[in-house]
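Asker:
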Amino acid sequence: MLPAPHSADSAGPSRADVPQKLDLTAQIARDLIRFDTTNYGEGRSNGETDAAEYIAEKLRALGLAPELFDSEPGRTSVVARVKGKDSLRPALVVHGHLDVVPADAANWSVDPFAGVIKDGLLWGRGAVDMKNMDAMILASLQDVISAQGAPERDLVIAFFADEEAGGVLGSHFLVNEHPHLFDGATEAISEVGGYSITLGGKRAYLLQTGEKALIWVKLVARGEAGHGSRMHPNNAITRLAEAVAALGRHEWPIRLTDTTEQLLGEIARILDVDPQRVGPDELALATGTASGFIQASLRTTANPTGLTAGYKHNVIPDTAEALIDIRSLPGEEDLVLAQIQEIVGSDIEIVTMHRDIGLETEFSGPLIDAVVSTLERHDPGAPVLPYLLSAGTDNKALSTLGIKGYGFAPLRLPADLDFPAMFHGVDERVPLDALVFGRQVLTDLFSNY
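In the working numbering, the protein residues as written are 93 to 541.
#1: Going by beta carbon distance, what residues of the same chain come within less than 6 Å of A157, once the five residues before and after it are set aside?
#2: Helix, strand or coil for S383, going by three-state DSSP, please let me know.
#3: Assuming Y479 contacts L355 (C-beta within less than 8 Å), just tell me the rounded distance between them.
#4: Sort out for me which residues DSSP pairs K496 with in a bridge.
#5: Here's a check: name, in chain order, each residue in its chain whose Cβ is nearer than 6 Å to the Cβ of L247, leaving out the five neighbours to either side.
#6: Would you grab the beta carbon distance between V370 and A382 for me? Rounded to a whole angstrom, and I think it's under 8 Å.
#7: Assuming A414 contacts L399 under a Cβ cut-off of 8 Å, what Cβ separation, rounded to an integer in Å, is found between them?
#8: Does the Cβ-Cβ distance between L154 and I289 come in under 8 Å?
#9: Taking 8 Å as the threshold (C-beta atoms), are Q240 and S539 in contact?
#10: Rank L124, M323, H405 and P194 by C-alpha distance to the C-alpha of R136 and give the top, closest one.
#11: Could you tell me the alpha carbon to alpha carbon distance between L273 and V171, rounded to whole angstroms?
#12: Let me know the secondary structure DSSP gives S389 once reduced to three states.
#13: Suppose the cutoff is 6 Å on Cβ atoms and the five residues either side in sequence are ignored; what does the same chain contact list for E441 look like?
#14: Out of curiosity, what's the CA-to-CA distance linking L230 and A338?
#15: Taking its Cβ as the centre, do 16 or more other Cβ atoms sit within 10 Å of K304, making it buried, or is it exposed?
#16: So who's on the other strand from K310, going by DSSP bridges?
#17: What is the rounded straight-line gap between the Cα of L505 and the Cα of A296?
#18: Within the continuous beta strand (DSSP E) that includes S163, where are the two ends?
#19: Can you tell which of L421, G286 and V260 has the C-alpha that lies nearest to the C-alpha of S465?
#20: Where DSSP assigns a beta bridge to T130, which residues make up the other side?
#21: For S328, which of A412, K404, L306 and H470 has the nearest alpha-carbon?
#22: When you compare the CB of T444 with every CB in chain B, is at least one pair closer than 8 Å?
#23: Where T141 and I346 are concerned, what is the direct C-alpha to C-alpha distance, given to the nearest angstrom?
#24: Could you check the C-alpha separation between A206 and I125 for me, to the nearest Å?
#25: Within the same chain, show all residues whose beta-carbon is closer than 6 Å to that of I147, passing over the 5 residues directly before and after it, in chain order.
#26: Pull up the DSSP beta-bridge partners for L290, would you.
#27: Where in the segment 445–526 do unbroken runs of the alpha helix (DSSP H), each at least 4 residues long, occur, reported from the N-terminal end onward?
#28: Is A394 helix, strand or coil by DSSP?
#29: So which of F515, Y403 and G176 has the shortest CA-CA distance to T485?
#30: Could you check the C-alpha separation between T453 and K310 for me, to the nearest Å?
#31: Distance check for T301 and F500, CA to CA, integer angstroms please.
#32: Classify A401 as helix, strand or coil using the three-state DSSP reduction.
#33: In chain order, what residues of the same chain lie with their CB nearer than 7 Å to the CB of F265, ignoring the 5 residues before and after it?
#34: Which word fits R107, buried or exposed, when buried means at least 16 other C-beta atoms lie within 10 angstroms of its C-beta?
#35: Please classify G212 as buried or exposed, where buried requires at least 16 neighbouring CB atoms within 10 angstroms.
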């Protein structure tokens, strides 16, 4: 199935903006962007089925036998196993997700679901999160199968639904209901790692070896309903606003994990500064735009993301609610929830809507060695550094099967691109040459690891 352009007047850029020959990776990523797979959360979604069927067709064309799984109608994930030359080696899971977060077209300079190509970039919701990696996986598989028939080891290729809502209807569903799909796999690679940063004018790469825990909660304040004209000291909205402001302005202390301590040490070494004299935040800021991820990995974050209260202008409601996105360091979830209760006050109810574990894996082993050597072949002299992702991925679900997950979606990026700001941001985009680079690196890795 090929997607139609999102609208008749936004089918794409002018011919002058389109390269003479568009790389296969960009073609696939553009097609995937044109499927509006928006996931609104709390069970509301446009669904992933059309995109899943498109991917299944691509996999069948490579001689593979993809399986499609629906956790609910329209919520489709795709899995295929690629037999390797040596099936006695542990299998590697290579996974992406098909859903995207909402995009308000009124705030974008292009249609977020048109797959526009201009200025040497592919624009659209999912361009970096993460239909770019989905496309890189498919293009790299084609390269490997065409060139040598099979990768070195078995690959479990998975494209999950529902990652943007915690993976309940995607990765967690498959892990719980169909764990046999991942038999023999010990490691996995996916999004938000392998991208380049600029340190002291030189390029380096961040390999994601851990991710923070995820806790989505709802704060509930209760008061007394009444007429909006009255004196009303027991106002639920006022109480909720005070709690949200207190939590939103709370400054969480820096707490280094093994991963962040190692990362900061490497940054200090590359910049030739003393980490005992230069603080963690200062070192993080030295990474430029990458600090958008790195600073948040040094501490807990708790950000208000939604407010709900009231039903008429002259009625004081008896309840008010706020959504909070909490990301704690691995293993600190219960401690952080207790601290948040102290911050907002005992009269505010905290309802946990979704919770998932944090992960941290050592920066060593055969896969790490293979990733480092592969990047060295494609960008000689650029060091590879471990980092802790401030967000989360479907590696959380796979970890329950004992599979170690890493973020490795390789992209060589220009120094002036604010890559972290692309995630869930306005005018999400990725350079076309970065997609080509990613395809080449993944092809090399699949061919030799």
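Beta carbons: idealized from backbone N, C-alpha and C, even for Gly. Predicted model, so just to flag it, every value in this text is computed and none were measured.
Answerer: Considering the structure as presented:
#1: One-based indexing of the sequence shown puts residue 157 at position 65. Excluding sequence neighbours, A157 sits near nothing in its chain.
#2: Indexing the sequence shown from 1 puts residue 383 at position 291. If DSSP states are grouped into helix, strand and coil, S383 belongs with the helices.
#3: The residue you call residue 479 lines up with position 387 of the sequence shown. The residue you call residue 355 lines up with position 263 of the sequence shown. About 5 Å; that satisfies the 8 Å criterion.
#4: What you label residue 496 is simply residue 404 of the sequence shown in a count that begins at 1. Beta-bridge pairing links K496 to E279.
#5: Within the sequence shown, residue 247 is the residue found at index 155, counting from 1. Exclusion of the five residues before and after L247 leaves V174, L184 and V186 as the residues of its chain whose Cβ lies within less than 6 Å of its Cβ.
#6: Locating residue 370 in the sequence shown gives position 278, counting from the first residue. Locating residue 382 in the sequence shown gives position 290, counting from the first residue. A Cβ-Cβ separation of about 16 Å leaves V370 out of contact with A382 under the 8 Å criterion.
#7: Within the sequence shown, residue 414 is the residue found at index 322, counting from 1. Within the sequence shown, residue 399 is the residue found at index 307, counting from 1. Indeed they touch by this definition, with Cβ atoms about 5 Å apart.
#8: The residue you call residue 154 lines up with position 62 of the sequence shown. The residue you call residue 289 lines up with position 197 of the sequence shown. Taking 8 Å as the Cβ cut-off, L154 and I289 do not qualify as a contacting pair.
#9: Position 447 of the sequence shown, counted from the first residue, corresponds to residue 539. Position 148 of the sequence shown, counted from the first residue, corresponds to residue 240. The answer is yes: Cβ separation under 8 Å.
#10: Residue mapping note: residue 136 aligns to position 44 of the sequence shown, counting from 1. Cα-wise, what sits closest to R136 is P194.
#11: Counted from its first residue, the sequence shown places residue 273 at position 181. Counted from its first residue, the sequence shown places residue 171 at position 79. Counting only the Cα atoms, V171 lies some 8 Å from L273.
#12: Residue 389 sits at position 297 when you count from the first residue of the sequence shown. Looking at S389 - three-state DSSP - the assignment turns out to be helix.
#13: If you number the sequence shown from 1, residue 441 lands on position 349. Within its own chain, the residues whose Cβ lies closer than 6 Å to the Cβ of E441, once the five positions on either side in sequence are excluded, are V312, listed in chain order.
#14: Along the sequence shown, read from residue 1 onward, the residue named residue 230 stands at position 138. Along the sequence shown, read from residue 1 onward, the residue named residue 338 stands at position 246. Rounded to whole angstroms, the gap between the alpha carbons of L230 and A338 is 46 Å.
#15: In the sequence shown, residue 304 corresponds to position 212, counting from 1. That one is buried.
#16: Here residue 310 refers to the residue found at position 218 of the sequence shown. The partner list for K310 (beta bridge, DSSP) reads L415 and V443.
#17: Along the sequence shown, read from residue 1 onward, the residue named residue 505 stands at position 413. Along the sequence shown, read from residue 1 onward, the residue named residue 296 stands at position 204. Pairing L505 with A296, the inter-Cα distance amounts to about 10 Å.
#18: The sequence position of residue 163 within the sequence shown is 71, counting from 1. Annotation for S163: the continuous beta strand (DSSP E) segment containing it runs E159 to E164.
#19: Position 373 of the sequence shown holds residue 465. Residue G286 is the option with its Cα nearest to S465.
#20: For this step, residue 130 is matched to residue 38 along the sequence shown. Paired residue(s): V192.
#21: Sequence index remark: in the sequence shown, residue 328 carries index 236 (1-based). First, the residue type needs correcting, since residue 328 is Ala and not Ser in the sequence shown. Comparing Cα positions, the closest option is A412.
#22: Among the protein chains of the structure shown there is no chain B, as only one such chain exists.
#23: Position 49 of the sequence shown holds residue 141. Position 254 of the sequence shown holds residue 346. Their Cα atoms are separated by approximately 42 Å.
#24: As a working mapping, residue 206 is identified with position 114 in the sequence shown. As a working mapping, residue 125 is identified with position 33 in the sequence shown. Computed Cα separation, rounded: 7 Å.
#25: Taking the sequence shown and counting its residues from 1, one reaches residue 147 at position 55. Only residues of its own chain outside the window of five on either side were considered, and among them V170 and F251 have a CB closer than 6 Å to the CB of I147, listed in chain order.
#26: Taking the first residue of the sequence shown as 1, we reach residue 290 at position 198. The question names Leu, but residue 290 in the sequence shown is Thr. Beta-bridge pairing links T290 to R295.
#27: List check, alpha helix (DSSP H) in window: 458–470, 487–491 and 511–514.
#28: Position 302 of the sequence shown, counted from the first residue, corresponds to residue 394. Three-state result, A394: strand.
#29: By 1-based counting over the sequence shown, the position of residue 485 is 393. Out of F515, Y403 and G176, the CA that lies nearest to the CA of T485 is found in F515.
#30: Within the sequence shown, the letter at position 361 stands for residue 453. Within the sequence shown, the letter at position 218 stands for residue 310. Between T453 and K310, the C-alpha separation is close to 30 Å.
#31: On the sequence shown, position 408 is the one that residue 500 refers to. On the sequence shown, position 209 is the one that residue 301 refers to. Their backbone Cα atoms lie some 9 Å apart in a straight line.
#32: Counting from one through the sequence shown, the residue named residue 401 turns up at place 309. Note: A401 maps to strand in three-state DSSP.
#33: The count along the sequence shown starts at 1 and reaches residue 265 at position 173. For F265, where only same-chain residues beyond five positions count, the Cβ hits under 7 Å are S163.
#34: Locating residue 107 in the sequence shown gives position 15, counting from the first residue. Any reading at R107 must be qualified, since the residue scores a pLDDT of 38, below 50, and its modelled position is unreliable; no value is offered.
#35: Residue 212 sits at position 120 when you count from the first residue of the sequence shown. With fewer than 16 Cβ atoms within 10 Å of its Cβ, G212 is classed as exposed.
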